[in-house]
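Take 0 as the starting number for the sequence shown in numbering that gives the first Met the number 0 and just add one per residue. Notes follow once the structure below has been shown.
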Amino acid sequence: MQIDPRDGDKTTNYRIMRNLVIPRPIALVSTLNEAGRVNVAPFSFFGVVSAHPPVIGISIGSRKGLDKDTMANARRTRELVINLTTEDMKNGMIISAMDFPPDESEVEPSGFTTTASTVVRPPRIAESPAQMECRVTEIMEFGESHQRRNFVIAEVVMFHVDDACLRNDGLPDHLQFGILGRLGDDYYWGRKGSFELKRTKYENWLKTRK
Ligand SMILES: Cc1cc2nc3c(=O)[nH]c(=O)nc-3n(C[C@H](O)[C@H](O)[C@H](O)COP(=O)(O)O)c2cc1C
0 MQIDPRDGDK TTNYRIMRNL VIPRPIALVS TLNEAGRVNV APFSFFGVVS AHPPVIGISI
60 GSRKGLDKDT MANARRTREL VINLTTEDMK NGMIISAMDF PPDESEVEPS GFTTTASTVV
120 RPPRIAESPA QMECRVTEIM EFGESHQRRN FVIAEVVMFH VDDACLRNDG LPDHLQFGIL
180 GRLGDDYYWG RKGSFELKRT KYENWLKTRK
């Protein structure tokens with residue numbers, strides 16, 4: 000079977016890409032909002048653009064034609080931190096993916112804690128075993144205005160790796176991270192294979208909190 004992307008709408012093409020380009024690492028991105036509150040959200044349309052200089056790219060969709068909070072913050076401050084997401088962080092990660100109002104931080108509700116960065120202002124997520132402090136260098140736009148996607152290109156200005164996840168030669172030990180991979184639909188990849196993790200709507204989650 001072949002599928003011409005020009006025949007599909009935004010949702011269909013998104014679902015095809017989501018289920019085809021797998022497994023994907025998950026960047027838990029911390030940024031600062033206008034009031035200086037910490038915003039955290041996961042992004043799996045994410046990857047390496049260049050190793051030297053170290054540059055990463057994150058594809059951020061829009062919400063009803065408007066920037067998601069991470070995008071608005073990255074655009075304004077030109078700074079962000081990419082926190083590696085591990086399987087142990089999955090419950091917090093899925094909470095941080097909810098549609099929180101822009102002035103509300105996801106950090107505490109997700110059960111995460113922060114630790115200061117050394118070069119940029121957004122803090123790191125302490126529960127993550129490795130983080131990359133980044134400066135935004137370029138923002139590329141794709142799609143029409145009401146369904147725009149931005150590709151944020153950012154240079155890593157500092158790497159942090161938990162000492163427990165370093166090998167004797169000083170390189171990160173990928174086997175120690177217990178990394179979480181994103182598969183298609185609501186499926187993820189962990190130490191014991193694939194599993195499903197459904198997202199909750201912010202409104203429904205609020206009801207469970209009361
Ligand atoms: C595992 C996972 C991966 C995600 N990847 C992306 C992505 O690559 N791009 C995107 O725009 N949204 C992605 N999302 C959805 C955002 O996390 C979600 O829209 C979030 O509310 C954005 O938060 P913000 O408004 O604070 O930036 C992902 C969600 C999950 C659970």
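All C-beta atoms, glycine included, are put in the ideal place defined by N, C-alpha and C.
Residue i to residue j span [Cα, whole Å]
i      : j      : result
SER29  : VAL135 : 13 angstroms
VAL80  : ASP8   : 32 angstroms
PHE176 : HIS145 : 38 angstroms
TYR186 : LEU174 : 21 angstroms
PHE150 : LEU205 : 31 angstroms
TYR13  : ARG77  : 27 angstroms
ASP184 : ILE93  : 14 angstroms
VAL106 : THR113 : 8 angstroms
GLY56  : GLU202 : 31 angstroms
ASP87  : GLY189 : 9 angstroms
ALA34  : SER95  : 19 angstroms
HIS159 : SER116 : 9 angstroms
THR207 : ASN90  : 15 angstroms
VAL54  : GLU195 : 31 angstroms
PRO108 : LEU179 : 20 angstroms
Residue i burial status per 10 Å Cβ neighbour count (16 or more: buried)
i      : result
MET131 : buried
ALA26  : buried
ILE2   : exposed
ASP168 : exposed
GLY142 : exposed
GLY46  : exposed
MET0   : exposed
PRO122 : buried
MET139 : exposed
GLY110 : exposed
SER43  : buried
ARG166 : exposed
ASP68  : buried
LEU170 : exposed
PHE99  : buried
ALA50  : exposed
PRO52  : exposed
VAL20  : exposed
Limits of the alpha helix (DSSP H) - the one that residue i falls within
i      : result
LEU19  : 9-19
GLU202 : 201-208
PHE176 : 173-176
Boundaries (first-last residue) of the beta strand (DSSP E) holding residue i
i      : result
ASN90  : Not the beta strand (DSSP E): ASN90 falls in the alpha helix (DSSP H), residues 89-95.
ASN38  : 37-42
GLU195 : 192-195
LEU210 : A question about residue 210 goes unanswered here, because the residues of the chain that appear run from 0 up to 209.
GLY189 : 186-189
ALA26  : 26-31
Point to revise | Segments assigned beta strand (DSSP E), at least 3 residues, entirely inside the region 103-147 | key: As far as the region 103-147 is concerned, its whole beta strand (DSSP E) runs of at least 3 residues are 129-141.
Check your understanding: Which full runs of the alpha helix (DSSP H) of 4+ residues lie inside the region 46-85, going along the chain?
Key -> As far as the region 46-85 is concerned, its whole alpha helix (DSSP H) runs of at least 4 residues are 68-76.
**Study point:** the region 119-129 / the region 72-90 touching (three or more Cβ pairs under 8 angstroms)
**Key:** These segments touch.
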